[in-house]
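Residue numbers (my numbering), protein chains in the order written: chain L, 1 to 266; chain Z, 1001 to 1409; chain W, 2001 to 2279.
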Amino acid sequence: MTRVAAVVLVACSVAPFAWFASASFKGPREIAQRRPTLVPLEPTLDGYRGAVDKGLAGWMLNSLIVATATTLVTLPLAAGAAYALSRTRMRGRRILLGLVLAASMFPQVTLAHTLYGMLQSVGLVNTRAGPVFPYVSLTLPLAIWILASFFREIPAELEEAARIDGAGPVRTLVRVFLPVAAPGVFTAAILTFIYAWNEFFFALVLLTGNDVRTLPPGIATMPGQYTFPWGEIAAACVLATAPLLAAVLLLQRRIVSGLTAGAVKQ
Amino acid sequence: MLRIALAGLLLSLPQEPAPVELHFLMWKPHQREAWTRALRDFEKLHPRIRVRVEEGPHSSSELHAMLVTKLRARDPELDLFLIDVVWPAEFAAAGYLDPIDDLFSEEERKRFFPGPIEADTVDGRLVAAPFNVDAGLLYFRKDLVKAAPETWNQLAEQAAAITARHPDLFGYTGQFDRYEGLVCNLMELIRSNGGRMAPSLDERAEEAVAWARDRLIGPVAPRAVLNQRETESREIFLQGHAVFHRNWPETWKIANDPARSKVAGRVGLAPLPRFEGGRSVSTLGGWQLAIASHSPRRAEARALVRYLAGFDVQKRLTLETSHGPSLSAVMDDPDVLARFPHFAEMKRVFFAAEPRPRSPDYAELSDRLQQTLYAKLTGAEDGVAVLPALAPMAVLGLLVFYLSRGRRA
Amino acid sequence: MRKLGPWLAAPALVTLAVLAAVPIAGALWQSLFHETSREPARFVGLGNYVQLARDPEVRNSVLFTLQFVGTSVVLELVLGLAAALVLHAKFRGRGLVRAAVLVPWAIPTVVAAWIWRYVFDDYSGLMTYASDVSWFSDPFWARTIVIVADVWKTMPFTALLILAGLQTISDDVIDAARIDGAGPWRRFVHVTLPLLRPALLVALLFRTMDAFRVFDAVFVMTRGKSGTSVLQFLGYKALFDQGNYGKGAAISAVVFLLIATMTVFYVRSVPSRLMEADR
């Protein structure tokens, strides 16, 4: 029974994507025909060529830059807050947690207008740096939450030992604590990166030039001038997803444990 | 001594001014080579200026969003751009456009088709220059259709007769997706029935819309047209799957290009049909050249505007892309008429093309119109009944309540 | 270390204050003005909100957004629970199944939206082969497809959260119940489910807040036509396409208030001991 359910689960999860991926290898004529074929009868790489033509490579690079920048900013900030939350007896931890939780629910459109004005006044609209600002504020809560869960698991004796050995607070943090917390940091980094890579709203609004666009708005506004370029769209989607899929499949265990670690404690 | 002499020599040499890079935002051209040639020739005439083209989306609605975002951000890489004929009022009111009254004299303005010039004149100032004229036209398979229909009902009858003989064909394709094109298509139907669209639909308008809903979409045109814009609806015609097709003038060249069209050489062109007692109406479309008010290169942009709106370039581009020129004299030119004999009649259509409602708030006006029209066409009001809408939330609330109450087993 | 705490947390807090709290306040303030790209700001108090209340398009958008949130979240919870149970079971190839289930989650939402739009496309669509319906021009189907796409994409996340909860349930408790003679259904309802409550609630909370912010799928699949307009999309249209800043700000404030209300409801009804608390 479980086996059947597992098969159904896998099929439902993978089939739609596989179907679309097969379209990326089909020419317009085969796509337009009514009878669907899973394996292309006349496979072609035109879709991929067309997608690259429209600027896919540039979009990927921009996504990489923006997502990396976001992760590099969010992680240290989150680590600090998570540490304060989970390992110090700082006052107002509950409030901090509440604020962090509150921030995770802010709708993008509500942030958009003022944030746009702020970025515009410093000339950062339509630059790769622009989206990093809203992305950091959108990823901080989740990163803090994950890191706090991980940090909580680490025995308190670790810092005690370090202090006894004469290490100052900063040294303790960097040399002793962080290496042990590395898996949590890694997980938070992956999730932050994935969020920034996939983010659409701010990318759409802040990046209008094709040379600075990231993948999501590039792919979303792809429709072409001749026919509806399903082959190209599918190819672009496959290429956009491939790195993420590879990362997720390889790091599947890490991600699962990251999301599930300390999520619920009695 | 030598050093001073050298310095003096260097300073006295004429300085080569750095080339100015002009950023031109336009939609993806169908015939890119024609454009490239025209722009390269401009650069030869003005060696100091380099034109850098950025291609935006082909759809008017998408381009609008993109332009608004860039103009609001005072994008430094935006000097000259194309705007749709319904945007000047909005863009001028927002202060995005640099007025160009000095660029064209009264005499010169009369040489353009009146519709676009009027659209480009806001509060007495000329804020954009007409680049091309678009008007809705009826394309048809002249190998299947003996005489172009004069009324919409005739079109439906002819389509029915032909598709009876050729069951694999659709009768008609047009643009009925929920976007600006819907307003254009339906305006042609509504006004040709003597109806009025704004501020609200009158009786004759409702009649025309009902006809489209019941007699056109479904029986004659596939329901898929409700999700189609220019590109998709044209493709069906180009593939030879449609008898009649409504689109803008540039489709003529595409439809007769054997590389793109399976029906090249078998395409006829006519003014759009009307309803009995009405007159044939074409929606006025067309793109205007506009200069960004924040651009530091307005002088160079003006040069490009005069060039692109000049007779020579208009003639060349008309010959090579079959767009409707903004200068009426181009349509009288012998070379043009030789290539496009139907232009003689098209000139009348262009003169008579009717503009859409004019307003600085056109974006919202059009959006509401699209909403209303689309809801009527799909035969389903977009309204959400309250109960089905809130029921899932109620279930959710109950779930939360149930899960949080109760004790351990 | 105690003294270090506030300093460590400060940068993150300041960032959130500047990049989140200030813009929210800004939106609320802006919503009290009539301002467009063509007209300067003019104080109108609650005028924008009154206009929104009278606007049928806004009303429909609110209703569909609520319908979307309720339907999606409930479906994701039920399906996520089922999936979690499968993922929790021990069988060969479990890692592979887990990886496969993560596929929809790893895909950008715009890609997921394209996939489902393709499946229901009028000409190329798989579903169109089966039926002649013009899916996206029919409000019922358009809304359904938008919901399906969202559930497909985010169900893995819910499944993972619930899986976490399942993993904390020790086998002894289940075994004890079995020894007591409880069948699988009773075991599930009376032992597993109650122990899963915290996980389910966390999943519900996160997913609800997220579902209110739906935008990507609507943009890509329908641009809000056929009754699929959701609030974030309406706000985007007003702010970035129509240049109506006052109206857009008011719409965005409404979204924010809806989410805030839901969150307060959750926090009120869930006893704090069930939510994660710091030691």
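Note that CB positions come from ideal geometry on N, CA and C, so glycine has one too.
Applying a beta-carbon distance threshold of less than 7 Å, which residues of chain W neighbour Z/Y1374?
Correct list: K2225.
C-alpha distance - W/R2054 paired with W/F2120, whole-angstrom precision
34 Å
Proximity to W/S2252 [Cα-Cα], best of L/P229, L/E157, L/I146 and L/Q108:
Checking every option, the nearest Cα to that of W/S2252 belongs to L/Q108.
In angstroms, rounded to a whole number, what distance separates the CA positions of L/S13 and W/P2104?
6 Å
Whole angstroms are fine: how far does the CA of W/D2132 sit from the CA of L/L178?
59 Å
Reduced DSSP category for L/H113 - H, G, I as helix; E, B as strand; rest coil:
helix
Classify Z/P1334: buried if its beta carbon has 16 or more other beta carbons within 10 angstroms, exposed otherwise.
exposed
Could you give the distance in angstroms between the alpha-carbon of W/Y2245 and the alpha-carbon of L/G130?
20 Å
Given Z/Y1362, which residues of its chain have a CB within under 6 Å of its CB, disregarding the five upstream and five downstream residues?
V1086 and E1090
Going by the beta-carbon positions, is the gap between Z/Y1139 and Z/T1036 smaller than 8 Å?
Contact flag unset, no.
C-alpha distance - L/L250 paired with W/L2102, whole-angstrom precision
11 Å
List, in chain order, every chain Z residue whose beta-carbon is nearer than 9 Å to that of L/N210.
E1054, E1055 and G1056
Is the distance from the Cβ of Z/Q1288 to the Cβ of Z/D1120 below 8 Å?
yes
Give the range of the beta strand (DSSP E) segment to which W/D1942 is assigned.
A question about residue 1942 of chain W goes unanswered here, because the residues of chain W that appear run from 2001 up to 2279.
Nearest-angstrom Cα separation, counted from Z/V1220 out to Z/P1325
Distance between the alpha carbons of Z/P1325 and Z/V1220: 32 Å.
Tell me, to the nearest whole angstrom, how far the beta carbon of L/N126 is from that of L/L206; I am working on the premise that it is less than 8 Å.
7 Å
For a quick check, are the C-beta atoms of Z/F1042 and Z/L1327 less than 8 Å apart?
no
Comparing the C-beta of W/F2233 with each C-beta of chain Z, is any distance below 8 Å?
Closer than 8 Å to the CB of W/F2233 there is not a single CB belonging to chain Z.
Determine, using beta carbons only, whether Z/D1177 and Z/R1213 come nearer to each other than 8 Å.
No.
Return the Cβ separation of L/S149 and L/A103 in integer angstroms, given the expectation that the two are a contact with Cβ distance under 8 Å.
That pair is no contact at about 17 Å.
Would you list, in chain order, the members of the segment 183-210 of chain L that have their beta-carbon closer than 8 Å to a beta-carbon of chain W?
I194, W197, N198, F200, F201, L204 and V205
Tell me, to the nearest whole angstrom, how far the beta carbon of Z/P1047 is from that of Z/L1137; I am working on the premise that it is less than 8 Å.
Wrong, their Cβ atoms sit about 40 Å apart, outside the cutoff.
Taking Cβ to Cβ, would you say W/I2162 is nearer than 8 Å to W/A2084?
yes
Hey, is L/K265's beta-carbon within less than 8 Å of any beta-carbon in chain Z?
Summary for L/K265: the model assigns pLDDT 38, below 50, so the residue's position carries little reliability; its value from the coordinates is reported in the next sentence. No, its Cβ sits nowhere closer than 8 Å to a Cβ of chain Z.
In the DSSP assignment, what residue or residues form a beta bridge with Z/M1026?
Z/E1055
Going by the beta-carbon positions, is the gap between Z/V1263 and Z/A1270 smaller than 8 Å?
Contact flag unset, no.
Any Cβ of chain Z within less than 8 Å of the Cβ of W/Q2030?
no
Have a look at W/I2147 and Z/A1301 and give me their C-alpha separation to the nearest angstrom.
48 Å
Taking the beta strand (DSSP E) that Z/Y1139 falls in, what are its first and last residues?
L1137 to R1141
Quick one: measure Cβ to Cβ for Z/V1051 and Z/L1039, integer angstroms, because I've assumed they're closer than 8 Å.
5 Å
At 7 Å on the CB atoms, spell out the chain Z contacts of L/V125, in chain order.
A1073
Span of the beta strand (DSSP E), counted from its first residue to its last, around Z/A1270
V1267 to A1270
CB of L/V246 within 8 Å of CB of L/A21, strictly
Before going further, note that residue 246 of chain L is Ala rather than Val in the sequence given. Not in contact: L/A246 and L/A21 (Cβ atoms no closer than 8 Å).
Taking only the alpha-carbon atoms, compute the straight-line gap between Z/F1340 and Z/T1163 and give it to the nearest angstrom.
29 Å
Can you list the beta strand (DSSP E) stretches of 3 or more residues lying completely in the segment 1345-1373 of chain Z, in chain order?
none
Can you grab the Cα-Cα spacing for the pair Z/T1151 / L/T110, in whole Å?
50 Å
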